[in-house]
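In the numbering used here, the protein residues as written are 1 to 164. Each residue gets a CB set at the ideal place from its N, CA and C atoms; glycine is no exception.
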Amino acid sequence: MTRHSRIEVRAACPGDADFVRDTMLRTWESPLVAVHGELIDVTTLPALIAWRDGEPIGLATHRPHPGDSSWEVVSLHAAVAGVGAGTALLDEVARLAKQAGARRIWLVTTNDNVAALRFYQRHGMDLVALHRDAVTEGRRVKPSIPPEVDGIRMRHELELEWLL
């Protein structure tokens, strides 16, 4: 468990299933995330929830990749911007990954998600790969991915990492 000022992060328990599902539906319209052409149901993954004053205000889902000593952040969402929920969630994933022997955490976002790119880079993550047209390929497994967000065509996956 991690604490950032008044933010507390803890592992999701079975009683949090509705919050996890509802957060994914509100944020991405589905609990399914397409990454590198793989369709991932995040409700089946380990999850962390950020709490403030007894209310859940953020969610991160993650999974280990033991074959390359890495840990993937599959989804990260802070319902309230600027209060530290995203930072607390990312820090807790890093702590868990390091404790499990991982050498890095990584994630994928899309080229249109400039707020996420700013957040991750400000928190020490490096852009390590551009997967050209990967979102176009992702639409084969998840046709509901929108063509653009905020006037920016969504085409590429960007991979960021944080060495532990």
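- Message: Which residues does DSSP list as the beta-bridge partners of Arg52?
- Response: Ile7 and Glu55
- Mind checking Glu159: buried by the 16 CB within 10 Å criterion, or exposed? buried
- Ala12 versus Ile105, Thr27, Ile49 and Asp18, residue with shortest Cα-Cα distance: Ile49
- From Asp91, Ile40 and Ala115, residue whose alpha carbon lies closest to that of Arg104: Asp91
- Query: According to the Cβ coordinates, are Arg161 and Val128 closer than 8 angstroms?
  - Reply: Reading off the sequence shown, one finds Glu at residue 161, where the question assumed Arg. Contact flag set, yes.
- Query: Is there at least one Cβ from chain B nearer than 8 angstroms to Ser144's Cβ?
  - Reply: The structure shown contains no chain B; it is built from a single protein chain.
- Task: Indicate whether Asp112 and Met154 have their beta-carbon atoms separated by less than 8 angstroms.
- Result: yes
- Stretch pair the region 31-47 + the region 64-80: three plus CB contacts closer than 8 angstroms: yes
- Task: Name the one or two DSSP bridge partners that Asp68 has.
- Result: None; Asp68 has no bridge partner.
- Query: In the DSSP assignment, what are the bridge partners of Val149?
  - Reply: Ile152
- Message: For the alpha helix (DSSP H) containing Arg132, name the first residue and the last one.
- Response: Run containing Arg132: none; DSSP gives neither H nor E here.
- Would you check if there are 3 or more beta carbon pairs closer than 8 angstroms linking the region 138-147 to the region 96-103? no
- Query: Which value, in whole angstroms, describes the spacing of the CA atoms of Trp106 and Gly54?
  - Reply: 29 angstroms
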